[in-house]
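**Student:** The following block contains the structure, expressed as structure tokens.
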Amino acid sequence: MTRPRVAVAGVWHETNVFGPHRATLDRFREYELLSGGEIRDRHHDVKTVIGGFLDGLGWADVDAVPVFSAGAWPGGPAPARDFGRILEQLGDELAAAHTEAPLDAVLLNLHGAMTAENAPDAEAEVVRVVRTVVGDQLPIGAVLDLHANPTSAFVDACQVVMCYDTYPHVDMWERGVEVATLISQCVRGRKLQTTLRKSPLLTLPSAQGTNDAPMVGIRSRAAGAASSVGRISIAAGFAYTLPERIGLSALIVHDQRNSAEASSIADAVVADIDLHADDFEVRRPSVSDAVSAALATTTAKPVVLADLADNIGGGSAGDGTALLAELLSRNARGVLGIIADPETAARAHASGEGAVISCAIGGKFDKLHGRPIETDARITAITDGVYRSAGTYMTGQTFNMGPTAALDIGDGAATILVTTRPTPPFHIEQFTHAGVDPTRAQVIIAKGAIAWRSAYESIAKSVIEVSTPGACAIDIQALRETATR
28 MTRPRVAVAG VWHETNVFGP HRATLDRFRE YELLSGGEIR DRHHDVKTVI GGFLDGLGWA
88 DVDAVPVFSA GAWPGGPAPA RDFGRILEQL GDELAAAHTE APLDAVLLNL HGAMTAENAP
148 DAEAEVVRVV RTVVGDQLPI GAVLDLHANP TSAFVDACQV VMCYDTYPHV DMWERGVEVA
208 TLISQCVRGR KLQTTLRKSP LLTLPSAQGT NDAPMVGIRS RAAGAASSVG RISIAAGFAY
268 TLPERIGLSA LIVHDQRNSA EASSIADAVV ADIDLHADDF EVRRPSVSDA VSAALATTTA
328 KPVVLADLAD NIGGGSAGDG TALLAELLSR NARGVLGIIA DPETAARAHA SGEGAVISCA
388 IGGKFDKLHG RPIETDARIT AITDGVYRSA GTYMTGQTFN MGPTAALDIG DGAATILVTT
448 RPTPPFHIEQ FTHAGVDPTR AQVIIAKGAI AWRSAYESIA KSVIEVSTPG ACAIDIQALR
508 ETATR
């Protein structure tokens, strides 16, 4: 008996409309732009969504057919031409696989908050291309990020849509396995669909942690309400996108015969979200106040200062200087941080380990993230910026920050890694691969809202989330005004 064939594909990007790094083809090539067997080679035995697809299909006695995978770290919108090329390659690779032997379903690794210059709803465009190739009858399953802003146009074109359950995101592989299992059941005759309901509520990443209120309560009540009808997931949404995409979403995967009940439950879940709207309010200390609190801390160190607005995982610049500048002005010692600065990284590599250089660190990508810091720095390490994650975010995956250097500023005042590419602070290996031990720091600057916890929560003795300037600022209205000046 011939085993079913299910295509595996993905187009993954979280788009921050204020972010300076546009999602060009080069940005995808830096992170992931693969086809065919290359996808299996990269994701086999790795805790990614696609790794979960491959494992789930195998356990369901279904042949996985890796087709195409494009992914880039969060940033600004994709140029129209580049997004068009991605869609074209997706369509061509999928058509070739379908021609070789008919496909029975398609699995998609998507983000849910991607936009392009010519596509405010990029995920809907991806599914449109897929449907053009495979028709309207084949089941499509998709895994989205918890920060997704899914639209009805997208969800209605799929059978199974589910988002990560966790933030920090530590269940990517599990969701891949789960959706692959459900789509395998669809291939064998089960009739599933996904009901979507949305609240227009705008919430910030720092209020979306799934182990914290209000999300922990909302998710628990939603799971209880939907347990009799299907599988519910809550997409907390991404605030730094187009206004029409903003909102929290309830997604219920259920058998078609339960549509009416699922619709009623989804309405009730969204009503519960709206009832707790005030619980999502975010107020955080200023840079000055946060640094004062960190320096006054007398308990064991390190203290983590979370740079909320320069949240690289949310598409910011990654070169914000506000916290570092304030700490240096206060004569702080033992500061540890990472700043994306390809110019300084290149100068360090040209100068070599042990050299002292005069440089201007950070603050170069745009006008939102502070001014460069003029300083002398001693180069303590030179690396290629490549490391393999042993932590909970994409365990086993290899990441590349580009040529990287560790700089000692002020004879121990601060150790700053300057990287060529902005890379979210999801892994402690970003420091340890360069011989830097974060446990010995007094203050760690983490450029993120919540997801940095997967790397540093186990060593942090205290945490201060800081209202900094940048593309993921707390005051979104002020951010919009600043960005348009």
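Each residue of the sequence shown is one higher than the one before, starting from 28 at the first, in the working numbering. Backbone N, C-alpha and C fix where the C-beta goes; we use that ideal spot for every residue, glycine too.
Looking at the structure shown, is Met141 part of a helix, part of a strand, or coil, going by DSSP?
**Tutor:** In this structure, Met141 counts as coil in the three-state DSSP scheme.
**Student:** Could you tell me the boundaries of the alpha helix (DSSP H) in which Val297 lies?
**Tutor:** Taken as a continuous stretch (DSSP letters only), the alpha helix (DSSP H) holding Val297 covers Ser286 to Leu302.
**Student:** So, helix, strand or coil for Thr513, using DSSP?
**Tutor:** Lying outside 28 to 512, the shown extent of the chain, residue 513 is not represented and no answer is given.
**Student:** Of the choices Thr126, Gly79 and Asp88, whose alpha-carbon is the least far from that of Leu134?
**Tutor:** Here the closest residue by C-alpha is Gly79.
**Student:** Taking the Cβ atom as the reference point for each residue, do Ala87 and Val38 lie within a distance shorter than 8 Å?
**Tutor:** No. Outside cutoff.
**Student:** Do Val92 and Pro31 count as a contact pair if the criterion is CB distance below 8 Å?
**Tutor:** Not a contact, by the Cβ cut-off of 8 Å.
**Student:** For the candidate residues Met141, Ile292 and Ala359, whose alpha-carbon lies nearest to that of Ala323?
**Tutor:** The shortest Cα separation from Ala323 among Met141, Ile292 and Ala359 belongs to Ala359.
**Student:** Would you mind sorting Asn136 into buried or exposed? The rule is 16 or more other CB atoms within 10 Å of its CB.
**Tutor:** With 16 or more Cβ atoms within 10 Å of its Cβ, Asn136 is classed as buried.
**Student:** Would you say Tyr420 and Gly342 are within 8 Å of each other, going by their C-beta atoms?
**Tutor:** No, Cβ-Cβ distance for Tyr420 and Gly342 is not below 8 Å.
**Student:** So for Gln164, helix, strand or coil by DSSP?
**Tutor:** Correct three-state label for Gln164: coil.
**Student:** Beta-carbon within less than 7 Å of Asp393's beta-carbon, same chain only, minus the 5 sequence neighbours each way: which residues are those?
**Tutor:** Excluding sequence neighbours, Asp393 sits near Pro47 and Ala344.
**Student:** For Leu231 and Leu219, I'd like the C-alpha separation in whole angstroms.
**Tutor:** One C-alpha to the other measures close to 32 Å.
**Student:** For Gly98, does the three-state DSSP call read helix, strand or coil?
**Tutor:** Strand, per DSSP.
**Student:** Could you compute how far the alpha carbon of Ile366 sits from the alpha carbon of Arg311?
**Tutor:** Whole-angstrom Cα-Cα distance: 22 Å.
**Student:** Out of Ala482, Ile501 and Thr159, which has the shortest C-alpha to C-alpha gap to Val331?
**Tutor:** For Val331, the nearest C-alpha among the options comes from Ala482.
**Student:** Under DSSP, the beta strand (DSSP E) around Thr402 begins and ends at which residues?
**Tutor:** Segment Ile400 to Thr410, the beta strand (DSSP E) holding Thr402.
**Student:** Following the continuous beta strand (DSSP E) through Glu59, name the residue where it begins and the one where it ends.
**Tutor:** Unbroken beta strand (DSSP E) run through Glu59: Glu59 to Ser62.
**Student:** Note down the Cα distance separating Ser378 from Leu275, rounded to an integer number of angstroms.
**Tutor:** Distance between the alpha carbons of Ser378 and Leu275: 49 Å.
**Student:** Can you give, in chain order, each stretch of the alpha helix (DSSP H) that sits fully within the stretch 417 to 470 and has at least 4 residues?
**Tutor:** Whole alpha helix (DSSP H) segments, 4+ residues: 456 to 459.
**Student:** Taking the CB atoms as reference points, tell me whether Leu171 and Tyr194 lie closer together than 8 Å.
**Tutor:** Contact flag unset, no.
**Student:** Less than 7 Å between C-beta atoms, sequence neighbours within five positions excluded: which residues of the same chain meet that for Glu492?
**Tutor:** For Glu492, where only same-chain residues beyond five positions count, the Cβ hits under 7 Å are Ser233, Arg311, Ala333 and Leu335.
**Student:** Judging by CA-CA distance, which residue of Ala123, His70, Arg155 and Leu52 is the nearest neighbour of Ile113?
**Tutor:** The shortest C-alpha separation from Ile113 is found at Leu52.
**Student:** Can you tell me where the beta strand (DSSP E) holding Gln26 begins and where it ends?
**Tutor:** Outside the modelled stretch of the chain, which goes from 28 to 512, sits residue 26, for which no answer is possible.
**Student:** Leaving out the 5 sequence neighbours to the left and right, which residues in its chain are closer than 6 Å to Thr402 when beta-carbon positions are compared?
**Tutor:** Correct list, in chain order: Ile436.
**Student:** Measure from the alpha carbon of Arg69 to the alpha carbon of each residue in Arg54, Val44, Ala50 and Phe95, then state which is nearest.
**Tutor:** Per the Cα distances, Phe95.
**Student:** With H, G and I counted as helix, E and B as strand and the rest as coil, what does DSSP make of Gly37?
**Tutor:** If DSSP states are grouped into helix, strand and coil, Gly37 belongs with the strands.
**Student:** Which same chain residues end up closer than 6 Å to Glu288 when comparing Cβ atoms and leaving out the 5 residues on each side of it in sequence?
**Tutor:** The residues are Val256.
**Student:** Below 8 Å between beta carbons: does that hold for Gly236 and Asn176?
**Tutor:** No; because the gap between Cβ atoms is not below 8 Å, this pair is not in contact.
**Student:** Label Gly162 either buried or exposed according to how many other C-beta atoms from any shown protein chain fall within 10 Å of its C-beta, with 16 as the threshold for buried.
**Tutor:** With fewer than 16 other Cβ atoms within 10 Å, it is exposed.
**Student:** How is the alpha helix (DSSP H) around Glu205 delimited, first residue to last?
**Tutor:** Glu205 -> alpha helix (DSSP H) spans Met199 to Val214.
**Student:** For Arg415, which residues in the same chain have their Cβ closer than 8 Å to its Cβ, ignoring the five residues on either side in sequence?
**Tutor:** Taken in chain order, the residues that qualify are Gly423, Gln424, Thr425, Phe426 and Glu456.
**Student:** Lys474: which of Cys185, Gly429, Cys499 and Val76 sits nearest, CA to CA?
**Tutor:** Nearest option by C-alpha distance: Cys499.
**Student:** If we call anything under 8 Å between Cβ atoms a contact, is Arg49 one with Pro106?
**Tutor:** Going by C-beta atoms, Arg49 is nearer than 8 Å to Pro106.
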